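Under mature numbering (1 follows the signal peptide of the UniProt record, and there is no 0), read the sequence shown as residues -22 to -1, 1 to 996, first letter to last.
Below is one structure, written out as structure tokens, with a few remarks after it.
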Amino acid sequence: MKAAPAIGAMAAGWFMAAPVLAAAPERSFAFDQPAQPLATALLSVSARTGAVIAAPSALTAGRRAPGLSGSMSLNQALRALLASSDLDFSISSSGVVTLKRRTQAITTAPSSPVRPSALQSEEPTLVTPISVLARPLAEPATEQARDAPAQVDVLLEEQLRGAGALGLGDALRQMPGVAAGPEAGEARQIAVRGVGGRFTRVRVNGMETLATFGASNAVGGTNRGRAFDYNIFAADLFKQVRLQKTASADIDEGSLGATIDMRTRSPLELPRRHAVFIVEAGYQTLSREARPRVSAVLSRSDAAGRLGVLVSAAYSGRSVVEAGASAGQWETGVAVAPGFGSAAAPLDLAAVNAALHARIPRLELMEIDQERVGLTGSLEWRPDDATRIALDTIYAELRSSRRENLLESFTFRTPGACAAPPDPRCGINAVAVTAADIALFGGRKPVLIAGRFDNVDVRSEARRDELNTIFRQTTLAATHRFREGLEGRLLAGFSRSDFSNPVQQTLYLEQFDVDGFAYDFSDKRRPALDFGNAALTTPGAWTISEFRSDPNWVDNSYRSLALDLENRSGPVDWRVGLLAKTYRNVGSARMRSDGGIGNINAELPAGLRALSLADYVRLVGQGVDFGVVGAPSQWLAIDTRAALAAACATGRCPGFELGPGPVAGLNYDVTERSDAAFLQLALPRSSSRRFWGEAGVRMIRTKVDAAGLDVDADAVARWTRAANDYWSTLPSLNLAWSLSPDIVMRLGAARVMVRPDLISLRPGVSVSTTGAKSVSSGNPDLRPTRADAFDLSIDWRPRQGVQVSAAVYRKTIATTVQGTSTRPAPFSANPFGLPDSVALEACGAAPDCSPGLPIWQFSRPINSGPGRLTGAEVSFRAPLGESWSLQGAAAYTRTVVRLLDQSGAWVDMQDALGAPRVAASIGLAYQRRGLEARAALSHRSRYLATIPAPNGGDVDGVDPLTTLDVAARLTLSPRLTLTAEAANLTDAYQRQFSDRTLIPTYRHHTGREFRLGLRWAM
């Protein structure tokens, strides 16, 4: 980060102290800082005194300042720093310090100039517009973006820490065009300008990397793709986040939405001795538990300002309760062959079976205990003014213990004809429909939106997960100026994200043939569930029916080596570079297995069958607000940990064995090697130039080596391999034109590409019979998403503190990647040439599985397209008097992409890239006499998440979400600050839908969160 913008960021945190300093300018401060660049020295003085220092980068660039030692006032310190220069300063009535060049005294004898005295130099003079200013909490760091020819947004440390955000992803919602999707109450992934997280690349300390975690099935489960999971990181670890929305040749390829650069702190950009400590407590209203959050930054450099070391650490704990209801998707009775068995008059059974019904109507309760740890370290050495060497490390860990208790019925998704007399486990064919409300959604799709049923089996599902991601990265960066204007850079780095879900165990209790079961999803804001005559709190009424164990792991690693050379000594700057990068994605999964590919979940181990159930059940759901009409006050659930420990005390027991065969498709090893070279020419910005920009080209060769498990015609899973390679040539252009001193117009044009998720490239076929019955494969021959992007923006800053920006953008998509899924059919319809004997082996002991039933779906990723994306974005910032300010942003994006639907027809699908049309936020800030407060309202519209949907709807999507967050800080002393934050004050519900007719399918909430803390800075 440039030192000058850093001054503005630090000054923002201390802005409230400026009037006090103006009133008492002779207060003394203890200084001990080395000789160093002037910009860094001013930053140290600002941090020590609390002064707001406005320093034009044009005045500080290339200048060094002497060391300071001893006790002195702000005036004395500034004069010592500027004594040997042609610079001076003035202090306004509000205490803001402004740097300027020294001016000559005006006399009647111009031929005899007089050197200005100290008093004369303190008089206000006209200065040129400055690029680093004190910023209140609501004002983002925009000056870096103003000089860039590309479209850039920047968040500095002050904004990252002061937004009232729970994690890093929540802080990024401040940026124009950014929308975030919550998981367990905090943002996990983000979307930018109409495209989802898989289209956005992330670099940490200059190196592309990836961090992934797991989640509940409703919000994506385990992340095996390229989307970055921001909830792994604490925002406290970073000093800057830079979001570039247009491509340039010197930036890593792979983004359709934006490239996000996150940087940790540098010791030589801080005062010689620097320390910050933050202690907070957080409280969640649904869990009714408080957990701590602490962070610290310690930095030290030598007296000469040549060698520095920094460490930072962050820890937070959260106890979250998430509660709600779900329909478990929607499907027709015809697709769950042979459908409902009977319907009471005057209902028509054929009409009931033709309508979509809830597959797994259920009440859902999740209890999550989470711990997040982060560490950064930096060792920086500047042996001379021309050389900088930095070793940066980052460690982040997110641990989560998740307990899910679901009260549900699987009957409505269980196919197969019932024998006479029917087996208690018989599914939908045994159900009698006693009441039904069939509504036409969208005027065309019949939906059994509410109904009452007899002979329904009720389940109490208890799932236990232990999830953990460890992220590690080390980078070595070196820069050297060979001569004035010629600089070389080297970056070598390694990163690894290890996700593990070693414990994913589920036990099901079941009651058979319950009468009076009912659901009603007609009110999407208040669903209703009724479990009929089920004895929910009677241990003797329940039976253990199924045991699942599904551990899984995902490992992502990057190795990068980059070299580039930049020349800025001629009329046109040029930069050339090389990058060699290796990305490896390894997935591993296991499931209960007898050594083959069969599903044995319904075969209970002897140890489980022998348990006395009454000893291992507990009541759950007491006092929880589900937001569901008719929700029971409590029900029995098995204690999964205790029951399995008792059933298999040694950990190695018959029936507990695991194997990869039943989940062959989740076992793969894919390596992607890319070699890139770029050339970029630039016309830099200067005070005499109204036009500046950059143009370049980037060439990349990508090689893919993929291995995966393949189920063959003998129903045996064997490893197979495949390879692919391709070239990409990506030209780019970014131009800026200063139409007037306060208006800048920017134009960006580029060809871009986004590589497929590596799991999509795995070779081999797999068969799954847990849940939906499916046969799937990867596609090693997939081509990347390719598009031509065009962006036009205008930035207007009529006066200090006021900014209005607007942009329009368009992307013409030549090809993209989609997953395909067919309509249900018999197994013999599979396109992979597998015989029915494979299905028989895969079905194993599952009672609802047969190759002859029309319940099988076949999926494979393919290239689709073309498509287009068009949108507009506006943002503004303006003061409202002396103490108030307002800022906001909104983006509207329309996408249309040609995709293959379940029937095999090509259709033009809108909003198909995993992001909402509308992403908007507005914030109101107040700052006066040591108090800073900010309220932020964020909104995103609905978007499509899965195309095509695996069940009865044509798509699955996510409904709109609006949240309100508040943050406040009160300065108790120059070093001590009281902080208070509140997240999701409206307790907004997360809702999902099925089909483009918007059939409600999911409604959850996590309550409100509050934090109170103290910040101490040295």
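Each residue gets a CB set at the ideal place from its N, CA and C atoms; glycine is no exception.
None of the values given here were measured: they were computed from a predicted structure.
Per DSSP, reduced to three states, the secondary structure at ASN195 is helical.
DSSP, reduced to helix, strand and coil, places GLY286 within a strand of the structure shown. In this structure the segment 335 to 348 lies against the segment 590 to 608, because at least three pairs of beta carbons, one per stretch, are closer than 8 Å. Beyond the five residues adjoining it in sequence on each side, VAL299 comes within less than 6 Å, by CB distance, of LEU264, SER265 and GLU345 in the same chain, given in chain order. As the crow flies, the alpha-carbon of ASN841 is around 10 Å from that of ASN757. Closest by C-alpha distance to VAL314, out of PRO662, VAL330 and ASP326, is VAL330. Shortest Cα-Cα distance from ALA897 to any of LEU52, ARG176, THR618 and GLN152 involves GLN152. DSSP places GLU959 outside any alpha helix (DSSP H); the residue lies instead in the beta strand (DSSP E), whose first and last residues are 954 to 961.
By the neighbour-count criterion, in which 16 or more other beta carbons inside 10 Å mark a residue as buried, GLY518 falls on the exposed side. Pairing TYR261 with GLU987 gives a Cβ-Cβ distance under 8 Å. LEU963 and PHE7 have their C-alpha atoms roughly 42 Å apart.
By the neighbour-count criterion, in which 16 or more other beta carbons inside 10 Å mark a residue as buried, LEU464 falls on the exposed side.
Distances from the alpha-carbon of GLY573 to those of ASP542, ARG696, ALA162 and THR521 put ARG696 closest.
Bounds of the alpha helix (DSSP H) holding VAL330 are 327 to 332.
Annotated as distal: PHE177 and VAL795, with beta-carbon spacing of 8 Å or more. Shown here for ASP965: same chain residues with a beta carbon closer than 7 Å to its own, the five before and five after excluded, namely HIS983, GLY985 and ARG986 in chain order. According to the DSSP secondary-structure assignment, LEU353 is paired through a beta bridge with ALA291 and TYR373. Assignment of VAL795 by DSSP, reduced to helix, strand and coil, places it in the strand class. Excluding five sequence positions before and after LEU831, the CB atoms of its chain that fall closer than 6 Å to its own CB belong to ALA315 and PRO393, given in chain order. Linking TYR921 to VAL564 through their CA atoms gives a straight-line distance of about 30 Å. Going by DSSP, THR618 is part of no beta strand (DSSP E) but of the alpha helix (DSSP H) stretching over 618 to 625. Rounded to whole angstroms, the separation of the alpha carbons of LEU146 and ASP239 is 13 Å. At least 8 Å separates the beta-carbon of PRO638 from that of ALA592.
Its Cα nearest to that of GLU267, the residue GLY295 stands out among GLY295, LEU285 and LEU288. Each of GLY908, VAL411, GLU309 and ALA456 was checked against the Cα of ALA323, and the nearest Cα belongs to VAL411.
If you look at GLY605, you'll find it isn't in any alpha helix (DSSP H); DSSP assigns it neither H nor E. In the DSSP annotation of this structure, the continuous segment of the beta strand (DSSP E) that includes ASP239 starts and ends at 237 to 241. For ILE69, DSSP records a beta bridge to VAL75. For the set ALA958, LYS751, LEU942 and ARG974, the Cα lying nearest the Cα of ASP148 is the one of LEU942. Rounded to whole angstroms, the Cβ separation of ARG377 and ASN446 is 5 Å, and the two are in contact under 8 Å.
By the neighbour-count criterion, in which 16 or more other beta carbons inside 10 Å mark a residue as buried, TRP705 falls on the exposed side.
Within its own chain, the residues whose Cβ lies closer than 6 Å to the Cβ of LEU770, once the five positions on either side in sequence are excluded, are LEU725 and VAL786, listed in chain order.
In terms of Cα proximity to THR521, the closest of ASP435, SER473, GLY555 and PRO549 is ASP435. When secondary structure is reduced to three states using DSSP, ASN563 falls in the strand class. Taking all protein chains shown into account, TRP308 has 16 or more neighbouring C-beta atoms within 10 Å of its C-beta and is therefore buried. Within a 10 Å sphere around the beta-carbon of GLU860 sit fewer than 16 other beta-carbons, which makes this residue exposed.
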